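Down below is the structure, laid out as structure tokens.
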Amino acid sequence: MNNLMSYQVSDRLPIKVWAPNHLQIRQYSEVSGDFNPIHLDDNYAIRAGLGGVIAHGMLTMAHMAAMLTEWIGQEGNIVMLSVRFEQMVRPGNKITFYGIISERVEKTLVCNLEARNENEEKVISGLAKISINN
């Protein structure tokens, strides 16, 4: 489906796949100003009990938002996005973002969102409201 007006309750959003790597995490650190060593230094992250470097939660959320913006294009706007961080995301993971329409009220779509890693562990879940421009 391409037209947002055609989406109804239970329709699925297009899937987005993301594979974070060390360079992306470093670049996000530089852009965000978050240089916490748990994101940049494997030895530090291991000593902290994390098993190695982890991606910033907000970087994962940004990819969830990208899934939405790629889907809605110019047809709508994200008017609300809330998320819950469930599991750590690591370089080398394969993260798949999913969404489903849970409610439709006139020109507003409510979407339940989640992302899972290659082990089917939920890493982030969320809720978005999309207003349709047409």
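Per numbering that gives the first Met the number 0, the sequence shown runs over residues 0 to 133. Note that the Cβ used here is the ideal one computed from N, Cα and C, for glycine as well. Being a predicted model, the structure only gives us computed values, none of them experimental.
Assigned secondary structure, residue i (DSSP; H/G/I helix, E/B strand, else coil)
{"i": "A146", "result": "As shown, the chain starts at 0 and ends at 133. That puts residue 146 outside it, with no answer to give."}
{"i": "M0", "result": "Caution is warranted here: a pLDDT of 49 is assigned to M0, below 50, making its placement in the model unreliable, and no coordinate value can be reported."}
{"i": "S9", "result": "coil"}
{"i": "L67", "result": "helix"}
CA-to-CA distance, residue j to residue i, given in whole angstroms
{"i": "M0", "j": "Q23", "result": "Note that M0 has pLDDT 49, beneath the 50 cutoff, so the model's placement of it is unreliable and no number is given."}
{"i": "G125", "j": "M63", "result": "9 Å"}
{"i": "I71", "j": "A47", "result": "40 Å"}
{"i": "S28", "j": "N35", "result": "8 Å"}
{"i": "Q86", "j": "P19", "result": "14 Å"}
{"i": "N133", "j": "N42", "result": "52 Å"}
{"i": "M66", "j": "L80", "result": "12 Å"}
{"i": "F84", "j": "N2", "result": "30 Å"}
{"i": "E120", "j": "Y6", "result": "28 Å"}
{"i": "N111", "j": "I123", "result": "11 Å"}
{"i": "A44", "j": "R25", "result": "14 Å"}
Spatially closest choice to residue i from the options, by CA coordinates
{"i": "G75", "options": "A18, E105, I14", "result": "E105"}
{"i": "I131", "options": "E102, G56, I77", "result": "I77"}
{"i": "P90", "options": "I129, K128, G56", "result": "G56"}
{"i": "S101", "options": "I94, K93, K128", "result": "K128"}
C-beta contact flag for residue i and residue j at 8 Å
{"i": "A114", "j": "T68", "result": "no"}
{"i": "V30", "j": "R103", "result": "no"}
{"i": "F96", "j": "I37", "result": "no"}
Notebook entry, point to check: Going along the chain, which unbroken runs of the beta strand (DSSP E) with 3 or more residues stay wholly within the segment 11 to 35?
Noted result: 15 to 17
Check: Which runs of the beta strand (DSSP E) spanning at least 3 residues fall entirely within the segment 85 to 125, listed in chain order?
Finding: 94 to 104, 107 to 115
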